[in-house]
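Residue numbers (our numbering): 1 to 75. All C-beta atoms in this analysis are idealised placements derived from N, C-alpha and C, irrespective of residue type, glycine included.
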């Protein structure tokens, strides 16, 4: 897992919208979706529910807490 992928995840979690997060990250929506999908496969859990709108799952909530700590330490 790369720091960059955690930053991408956090942007999607913060904006609750893949398109808006991708725009803020200056990457394509498809690229961000792929990174999140790869992260979900790597961790073996779904991090977001995608219908009717993007929202965090329980595992996603836990990852926000952990990713925040990791990114704070990385800064």
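{"Item": "Three-way DSSP call (helix, strand, coil) for residue 49 in this model", "Value": "strand"}
{"Item": "Buried or exposed by the 16-neighbour rule on C-beta atoms within 10 Å, applied to residue 43", "Value": "exposed"}
{"Item": "Given 8 Å, three or more beta-carbon pairs between the segment 67 to 74 and the segment 28 to 42", "Value": "no"}
{"Item": "Nonlocal neighbours in the same chain, by C-beta distance under 6 Å from residue 7, ignoring five residues either side", "Value": "none"}
{"Item": "Whether residue 36 touches residue 25 by CB criterion (8 Å)", "Value": "no"}
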